[in-house]
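Student:
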Amino acid sequence: MTNLKNKSLVSINDLTKKEILDIINTAKRFKDGLIKSSLTNKVIASCFFEHSTRTRMSFEAAIAKLGGKTIGFADSSSTSLAGKGESLIDTLKIISEYANLLILRHPLDGTARLASDICNIPIINAGDGANQHPTQTLLDLFSIEDSQGSLEGISLGIMGDLKYNRTVHSLITAAQLFSMKLFFISPPSLRLDEESLFKLKCSGIKYSFHQAPEQVIDQLDCLYMTRLQKERFNRETHDEYKISLSLLNNAKDNLKILHPLPRMEELPPEIDNSKFAYYFTQAKNGLYVRQALLDMILGEN
Amino acid sequence: MEKHIGYIENGINIDHIPQGNAWYIIKILKLDKSSSQVGIGLNLPSKKFGKKDLIKIENHSISQNEIDSISTFCMGSTLSVIKDFKVIEKKTLELPKKINNIIICPNIRCVSRLYKSQFNSSINHNHKIYVKCYYCEQSFLLNELSEYKLD
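So the protein lines, in turn, are chains H and X. Just add 179 to wherever you are in the first sequence, counting from 1, and you've got this note's numbering. Just add 29 to wherever you are in the second sequence, counting from 1, and you've got this note's numbering.
#1: Can you tell me whether Ala353(H) is buried or exposed, with buried defined as 16 or more other CB within 10 angstroms of its CB?
#2: Per DSSP, what kind of secondary structure is Asn136(X) in: helix, strand or coil?
#3: Measuring only the C-alpha atoms, how far is Leu280(H) from Phe238(H)?
#4: Using the beta-carbon of each residue, which ones in chain X are nearer than 7 Å to Arg345(H)?
#5: By the three-class DSSP mapping on this structure, what secondary structure does Ala240(H) have?
#6: Quick check on Tyr177(X): does DSSP put it in helix, strand or coil?
#7: Just checking my contact of Lys127(X) with Leu108(X) at CB under 8 Å: how many whole Å lie between their CB atoms?
#8: Run through chain X and tell me which residues come within less than 7 Å of Arg292(H), C-beta to C-beta.
#9: Compare the Cα-Cα distances from Ala294(H) to each of Glu374(H), Ile302(H), Leu356(H) and report the closest residue.
#10: Following the continuous beta strand (DSSP E) through Gln147(X), name the residue where it begins and the one where it ends.
#11: At 7 Å on the CB atoms, spell out the chain H contacts of Ser141(X), in chain order.
#12: Going by alpha carbons, who is nearest to Gly383(H) out of Ile199(H), Leu356(H), Arg370(H), Glu374(H)?
#13: Just to confirm, are Ser217(H) and Leu188(H) a CB contact at a threshold of 8 Å?
#14: In the DSSP assignment, what are the bridge partners of Pro47(X)?
#15: Please go through the segment 367-444 of chain H and give each complete beta strand (DSSP E) segment of 3 or more residues, from N-terminal end onward.
#16: Name the two residues that bound the continuous alpha helix (DSSP H) containing Asp201(H).
#17: Look at the Cβ atom of Thr234(H), then the Cβ atom of Arg284(H), and state whether they are nearer than 8 Å.
#18: Quick one: using the 10 Å Cβ neighbour count with 16 as the cut-off for buried, is Leu170(X) buried or exposed?
#19: Hey, Phe227(H) and Ala253(H) are a contact pair by Cβ (cut 8 Å); roughly how many whole angstroms apart?
#20: Would you kindly work out how many angstroms separate the C-alpha atoms of Arg469(H) and Ile268(H), rounded to a whole number?
#21: Hey, out of Asn428(H), Gln408(H), Lys186(H), whose CA is closest to Tyr420(H)'s CA?
#22: Considering only DSSP beta bridges, list what Cys162(X) is partnered with.
#23: Using 8 Å as the limit for Cβ to Cβ distance, is Ser168(X) near chain H?
#24: May I ask you to report which of helix, strand or coil DSSP gives Lys62(X)?
#25: Tell me the DSSP secondary structure of Leu446(H) in three-state form.
#26: Spatial neighbours of Ser326(H) within its chain, please: CB distance less than 6 Å, with the 5 preceding and 5 following residues excluded, ordered by chain position.
#27: Identify whether Lys56(X) lies in helix, strand or coil by the three-state DSSP scheme.
#28: Excluding five sequence neighbours on each side, which residues of the same chain lie with their C-beta closer than 6 Å to the C-beta of Asp372(H)?
#29: In terms of residue numbering, what span does the beta strand (DSSP E) encompassing Glu324(H) cover?
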């Protein structure tokens, strides 16, 4: 078992394959009810300088289930930072004197790394601007593992905005550790950025590009969808990146659809009751992954 | 022209600076506020680059930190230490692995723009030099950077 005790989680790039697998296995034990409370007497600061619903609530639910106490704020407008112009560094230093761990979301890229350097308590990055959101990537990986029984060699389709989407970039990085076969489905204007492409080339894993989901749906174990942001799609291509029940007629039996949520038109509610829908379970898995992380970093086991 | 800049008795000589980059070195080493005599050559002929800059500083020693800072702008330049008109040490400047507080991150959403910057350098398969921000994790081509912290 790897030792994450008192360590910060800033970026998925900081984790080894073994550490990722250990977090997934611990999350699985939480899901199966095999581990009990262990954060009694711990105070956890949940500081969201930018609003979030799922991430913040699943962290706070995870803390509550482990018997810990949460302090913090859900948006920065009520803090001295906004009201009195206190510097971010001072705010972070002071928070780290009150709590045993800091869960941080901030709109600026790199804030979690800065916080991990200046605070004397462990930090969990709950999203730093467009940069990293490592617990999302971990829950995505846990969801693939949990629904398919393995991460190794999985055929993973990733569809939608591959250029600007933060979760996509981190997922691709992690997928390389597990020799997944990647199918990228996007309009040409939202294809993968140069840097990710270069890393993929170096990694030696198999990948291919497609313009429509019909071309590959019968080959996929998991289909990871991203939110369609209308301003980045033109009207004509928009509809091609929606999923439909008729499209899923050709899917493999074990196919599961994942989506980081919130969703837009790309994932219509008619899919919710199909056997392929996994996104609500995926959101619930976020709770187990965050319980696992909190337990491994701060737990008294 | 180069000979008119003069010889120095004791000090340092930075030669083969890419044309236009002497200014960055003057700012980083604060030569405009220094008590040393400084000779500056701009747009001199160079076999290596076509044109080059050159700086000679009398009675000046340079720290490793300063060398690391200026190397971002004069990679491949030669640094000579002069004593009694003789070169007693000569080395080619290399880009350091870590570049601290020189580059302003081109990502306008990066937290380092408010604080200190730190970049890690690497050379990719086609010999292009990339720098990656320690904070926002974005990579940039070294020769496409345009904003620096010089004071």
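For every residue, glycine included, the Cβ atom is placed at its ideal position computed from N, Cα and C.
Tutor: This is what the structure holds:
#1: So Ala353(H) counts as buried.
#2: coil
#3: 12 Å
#4: Near Arg345(H) there are no residues of chain X at all, since even the closest Cβ is about 11 Å away, more than 7 Å.
#5: helix
#6: strand
#7: The pair is not a contact, with the Cβ atoms about 19 Å apart (cut-off 8 Å).
#8: Tyr163, Tyr164
#9: Ile302(H)
#10: Note, Gln147(X): beta strand (DSSP E), 147-152.
#11: What Ser141(X) touches in chain H: Gly289.
#12: Leu356(H)
#13: no
#14: Lys81(X)
#15: 386-389, 401-404, 435-437
#16: Run containing Asp201(H): 196-210, per the alpha helix (DSSP H) assignment.
#17: Cβ atoms of Thr234(H) and Arg284(H): closer than 8 Å.
#18: Answer is exposed; the Cβ neighbour count stays below 16.
#19: 5 Å
#20: 26 Å
#21: Gln408(H)
#22: Phe148(X)
#23: True, the Cβ-Cβ gap to chain H drops below 8 Å.
#24: helix
#25: coil
#26: Lys435, Tyr457
#27: helix
#28: Lys342
#29: Per DSSP, Glu324(H) belongs to no beta strand (DSSP E); it is in the alpha helix (DSSP H), 313-327.
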